[in-house]
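The structure appears below as structure tokens.
Residue numbers (our numbering): -6 to 160.
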């Protein structure tokens, strides 16, 4: 039902570890094995401390969580797959606003789509001109700034205005 990309995104948003993916028909995911962080109180040398332990679980194709080796339901660790998919579909057609500074130090607001931003990042990532070091440095700075904004948008999953153009 959902693609591997949606599952990986959901696992990273929830801070879960992905161990193994089982595929169904086509490229859809049938089942996922992974781990979730669980805080536990333990006594170490007579002192109570909180440590992080990793609990092994599995998820079905709808993002429902179960115990790894039984059919016991673990609702607290369900993946928000539908929300992530809807958010990605909404953001595809939206245009993004970002603030940029030109070489003269003037600020301007620019409008760009996610697809245009991805294309620019691919072009700038492969750009290399040994004869024009200054131009290469400027393009590298632009790439870092755009890449930072793109990562921020992906991490937040929101197409909102970004306050500044600094990485």
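Note that the Cβ used here is the ideal one computed from N, Cα and C, for glycine as well. From a predicted model like this one, the values you see are computed outputs, not experimental measurements.
Just to confirm my understanding: we take residue i, look at its own chain, exclude 5 residues before and 5 after, and list those with CB closer than 7 Å. What are they?
i: residue 218; result: In the structure as shown, the chain starts at -6 and stops at 160, and residue 218 therefore has no counterpart that could be examined.
i: residue 161; result: Residue coverage of the chain in this structure runs from -6 to 160, which leaves residue 161 outside it and unanswerable.
i: residue 7; result: 72
I need the straight-line Cα distance from residue i to residue j, nearest angstrom please.
i: residue 68; j: residue 42; result: 27 Å
i: residue 10; j: residue 140; result: 25 Å
i: residue 50; j: residue 58; result: 7 Å
i: residue 138; j: residue 5; result: 23 Å
i: residue 134; j: residue 29; result: 37 Å
i: residue 160; j: residue 109; result: In this prediction, residue 160 has a pLDDT of 46, which is less than 50 and means its spatial position is unreliable; what the coordinates show is noted afterwards. Cα to Cα, the separation comes out at about 19 Å.
i: residue -3; j: residue 56; result: 12 Å
i: residue 148; j: residue 80; result: 12 Å
i: residue 15; j: residue 114; result: 32 Å
i: residue 163; j: residue 39; result: Residue 163 lies beyond the stretch modelled for the chain, which goes from -6 to 160, so this question has no answer here.
i: residue 146; j: residue 19; result: 29 Å
Just to confirm the assignment, what range does the alpha helix (DSSP H) spanning residue i have?
i: residue 68; result: Here residue 68 belongs to no alpha helix (DSSP H), and DSSP marks it neither H nor E.
Which residues mark the beginning and the end of the beta strand (DSSP E) in which residue i is found?
i: residue 51; result: 40 to 53
i: residue -3; result: From DSSP, residue -3 is part of no beta strand (DSSP E) but of the alpha helix (DSSP H) over -3 to 6.
i: residue 16; result: 10 to 16
i: residue 27; result: 22 to 37
i: residue 60; result: 58 to 60
Among residues of its own chain, excluding the 5 on either side of residue i, which ones have a beta-carbon nearer than 8 Å to its beta-carbon?
i: residue 54; result: -6, -5, 17, 21, 22, 23, 24
i: residue 31; result: 45, 46, 47, 48
i: residue 111; result: 143
Quick one: residues in its chain with C-beta nearer than 6 Å to the C-beta of residue i, no 5 flanking neighbours on either side, listed in chain order?
i: residue 26; result: 12, 13, 51
i: residue 2; result: 77
Check your understanding: Does the region 56 to 66 come close enough to the region 33 to 43 that 3 or more CB-CB pairs lie under 8 Å?
Key -> no
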